[in-house]
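In our numbering, the protein residues as written are 642 to 1096. The structure under discussion appears below in the form of structure tokens.
Okay, here's the thing in structure tokens:
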């Protein structure tokens, strides 16, 4: 429906932006207009539009930089480039890179409307087809979750058991551990899998817009509300809503969320009429919400409501045996994307990866492998392809020169010594303990505390 189409306009000229916004609002689009590339990317990530109108000349990041970033984030969203006279050559270059179309200023609004309607129509169809293909290919299935560790096996087992229930689920874990991936899998393994799955990153939304985004609003509810609009809870009716970084929810909105969970109804801004919603709530946070409750930053009653079931995502440093399998998975993914026939990650490169603590978790490992695939010149990834200062150097020297506090340096150095002893002794703990001059029980205790496995 036309009222559901979302258009993002990135135009730094205030008069032109206002004219475009007014025109497309009258045509039934939900419009968001911003004046620079950084704000445009933030809006693009917070709420994926059906189409983008992007001015080529922008302050800071130019239109080409913004487009390429959007392309990497959401390649299915069509982008129409607005160019000035004399920039056609640049616009054609962006067409070759995947832009939907370009239009030169000054232009007829009716011509632009035709382009935007065509783009938004194709966007909806393309994303629905992609979603169906993903489901058919089992992308959101527990069988395709990459892990070998006992820690992740326990997490997946719990998630599988709660998937078919209607209970609210809280996914806890550090940033980059894969909380959103797990939320996707829980939804598509549930009885609601044929319903919508609506994702809202609360950390990416300004506090002043969170309530309008979640609950929707009536026409005239606030300045700029020129028409009524449903919120994300209404869009999730019959399916699942995933609230990422729920710890960032303002206190006044926490009260309203509690009502939604208890009453299964919402009230749009500017209205007194409740609207019933049939939703399942999955939320996630990298914060320790129990600690947030103790310091008064998060409501205790809401905390108890959202964590009927808590699924903890372990950090990558606590499941190091998964690193080789995840690295292989990302190698396959990015080598196919880049059309580079890379066979493997060689032993030295893998050893360098195994020495890292990965504060950015799985996302950091994914970024490292993506960069390595792009830069690799041979048939396999070596230490020289990794963005690591100590990838091909002396680990002890690297640890000593790091900015880590002394206890952490000692821990890292001890871990490196034990890892090397295990490698030299074919992972046989008894032989490694003898070489290190300690008892087998002491070595096993140290290995457990450092997250090392005998095989």
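Just so it is clear, CB atoms sit at the ideal spot from N, CA and C, and this is done for glycine as well.
Spatial neighbours of residue 1089 in its chain, beta-carbon cut-off 7 Å, leaving aside the 5 residues before and after: Start at 1 with the first residue of the chain shown, and residue 1089 comes out as number 448. Correct list: empty, nothing qualifies.
Other residues of its chain near residue 963: CB distance less than 8 Å, five sequence neighbours each side excluded: Looking up residue 963 in the chain shown gives position 322. The residues are 787, 788, 789, 790, 793, 957.
Residue environment, residue 755, which counts as buried when at least 16 other CB atoms sit within 10 Å: By 1-based counting over the chain shown, the position of residue 755 is 114. Residue 755 should be labelled exposed.
Residue interval of the beta strand (DSSP E) (run including residue 723): For the purposes of this step, residue 723 is identified with residue 82 of the chain shown, where counting begins at 1. Where residue 723 is concerned, the enclosing beta strand (DSSP E) stretches over 720-724.
Residue 910 in three-state terms, based on DSSP: Numbered from 1 along the chain shown, position 269 holds the residue referred to as residue 910. Residue 910 falls in the strand class under three-state DSSP.
Simplified DSSP state of residue 761, which is helix, strand or coil: By one-based count along the chain shown, residue 761 stands at place 120. In this structure, residue 761 counts as helix in the three-state DSSP scheme.
Candidates 947, 858, 944: closest to residue 911 by CA position: In the chain shown, counting from the first residue as 1, residue 911 sits at position 270. Ranking 947, 858, 944 by Cα distance to residue 911 puts 858 first.
Segment limits, beta strand (DSSP E) that includes residue 598: Missing from the structure shown is residue 598; the chain here goes from 642 to 1096 and no further.
Inter-stretch contact at 8 Å, needing at least 3 Cβ pairs: the segment 980-987 / the segment 936-944: no
C-beta atoms of residue 961 and residue 1092 nearer than 9 Å: Here the question's residue 961 lines up with position 320 in the chain shown. Here the question's residue 1092 lines up with position 451 in the chain shown. Yes, the pair counts as a contact, with Cβ atoms nearer than the cut-off.
Distance CB(residue 809)-CB(residue 744) smaller than 9 Å: The residue given as residue 809 occupies position 168 in the chain shown. The residue given as residue 744 occupies position 103 in the chain shown. Contact: no.
Chain-order list of residues whose beta-carbon lies under 7 Å from that of residue 696 (same chain, five-residue window excluded): Here residue 696 refers to the residue found at position 55 of the chain shown. Result list for residue 696: 651, 652, 653, 704, 723, in chain order.
Which of helix, strand or coil DSSP assigns to residue 777: Working through the chain shown from its first residue, we reach residue 777 at position 136. Any reading at residue 777 needs caution, since the residue's pLDDT is 48, under 50, leaving its predicted position unreliable; the model's value is listed next. It is helical.
Rounded C-alpha distance that separates residue 806 from residue 827: As a first step, residue 806 must be located in the chain shown, where it is residue number 165. As a first step, residue 827 must be located in the chain shown, where it is residue number 186. Their Cα atoms are separated by approximately 10 Å.
Nearest-angstrom Cα separation, counted from residue 971 out to residue 831: Locating residue 831 in the chain shown gives position 190, counting from the first residue. Locating residue 971 in the chain shown gives position 330, counting from the first residue. The straight-line gap from Cα to Cα measures roughly 27 Å.
Beta-carbon gap between residue 1013 and residue 845 smaller than 9 Å: Counting from one through the chain shown, the residue named residue 1013 turns up at place 372. Counting from one through the chain shown, the residue named residue 845 turns up at place 204. No, the Cβ-Cβ distance between residue 1013 and residue 845 is not below 9 Å.
Residue from 657, 764, 693 with nearest C-alpha to residue 725: For this step, residue 725 is matched to residue 84 along the chain shown. The shortest Cα separation from residue 725 among 657, 764, 693 belongs to 657.
For residue 840: DSSP bridge partner residues: Walking along the chain shown from the start, residue 840 turns up at place 199. The partner list for residue 840 (beta bridge, DSSP) reads 883.
Other residues of its chain near residue 862: CB distance less than 7 Å, five sequence neighbours each side excluded: The count along the chain shown starts at 1 and reaches residue 862 at position 221. Cβ neighbours of residue 862 beyond the five flanking positions: 910, 911.
Sub-9 Å separation of residue 1011 and residue 1054 beta-carbons: Numbered from its first residue, the chain shown carries residue 1011 at position 370. Numbered from its first residue, the chain shown carries residue 1054 at position 413. Result no, Cβ atoms of residue 1011 and residue 1054 do not sit closer than 9 Å.
Own chain residues within Cβ distance below 7 Å of residue 710, not counting five before or after: Along the chain shown, one-based indexing puts residue 710 at 69. If we look at residue 710 and ignore the five residues flanking it on each side, its Cβ neighbours are 682.
Distance, residue 812 Cα to residue 947 Cα: In the chain shown, the residue the question calls residue 947 occupies position 306. In the chain shown, the residue the question calls residue 812 occupies position 171. Roughly 10 Å between the two C-alpha positions.
Beta-bridge partners of residue 1051, as assigned by DSSP: By 1-based counting over the chain shown, the position of residue 1051 is 410. The partner list for residue 1051 (beta bridge, DSSP) is empty, contrary to what the question assumes.
Which listed residue (1001, 746, 991, 916) has its alpha carbon closest to that of residue 1021: On the chain shown, residue 1021 is found 380 positions in, with the first residue counted as 1. The shortest Cα separation from residue 1021 among 1001, 746, 991, 916 belongs to 991.
Residue closest to residue 672, alpha-carbon to alpha-carbon, out of 719, 934, 868, 1081: Position 31 of the chain shown, counted from the start, is the residue given in the question as residue 672. If we check each option's Cα against that of residue 672, 868 comes out closest.
Identity of the residue in 751, 753, 747, 721 nearest residue 738 by Cα: For this step, residue 738 is matched to residue 97 along the chain shown. Selected option, being the one with the closest Cα: 721.
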